[in-house]
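Q: Each step along the sequence shown adds one to the number in our numbering, with nothing skipped, and position 53 is 51.
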Amino acid sequence: MDDIHGLRVWDSARVLAKRCVEIARRNRLPDPSGLMAQLCRAAASSVSAKIAESMGAGTAKQRLQSLRVAHRSGWETRHHIIEAFDTGFVTPVQHRWLSNRAAVNVKMIFSLIVKVERSEASRDPESRRRRRPRDANARRRRKPRA
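1) Does the Cβ of A11 have 16 or more other Cβ atoms within 10 Å, making it buried, or fewer, making it exposed?
2) Does D85 come out as helix, strand or coil in the three-state DSSP assignment?
3) Taking the Cβ atom as the reference point for each residue, do A68 and I107 lie within a distance shorter than 8 Å?
4) Please determine if the stretch 78 to 98 and the stretch 12 to 25 are in contact, where contact requires at least 3 C-beta pairs separated by less than 8 Å.
5) Figure out for me which residue from L37, Q92, V7, A119 has the closest Cα to the Cα of S52.
6) Can you give me the C-alpha to C-alpha distance between S97 and R76, rounded to a whole angstrom?
7) Give me the residue from L5, A35, V45 with the minimum Cα distance to A101.
8) Here's the rule: buried if 16 or more other CB atoms are within 10 angstroms of the residue's CB, otherwise exposed. What is V112?
9) Quick one: grab the DSSP three-state call for G54.
10) Go ahead and pull the three-state DSSP assignment for G4.
11) Using only CA atoms, which one of W73, L110, E115 lies nearest to L5?
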């Protein structure tokens, strides 16, 4: 997990960003609020860039920080996609594709966060000591069913 190339979540974020930029370029509607530009920034710059940044982080804490920012940016991207659809900047077909891809990206980023957290916890000897021992008698103390 030390190289960004071949990381599926990064590739997926880049595909979404590329599609957002293509839609924004083709869209000839006036955009006084800058919604499409914001969508492109959130999808193109933030998500994939923060994932890439996380892979270059020196510590697991720094990696997790970057991934959490990417996760939040993924949610922001999802919001902008909905807003772009509500205001007519994207078609229903484009909206469905963008929404699905953004949702998958958010889930993949979350899975990567969990993987990094588990990996860090397994390396930390202190975290193993702090865990409560499993209670062997827990099953015996269960209340009988009525």
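A virtual CB, placed ideally from N, CA and C, is assigned to each residue, including glycine.
A: Considering the structure as presented:
1) buried
2) Per the sequence shown, the amino acid found at residue 85 is Thr instead of Asp. Looking at T85 - three-state DSSP - the assignment turns out to be coil, as it is neither helix nor strand.
3) yes
4) yes
5) V7
6) 6 Å
7) V45
8) exposed
9) G54 falls in the coil class under three-state DSSP.
10) coil
11) L110
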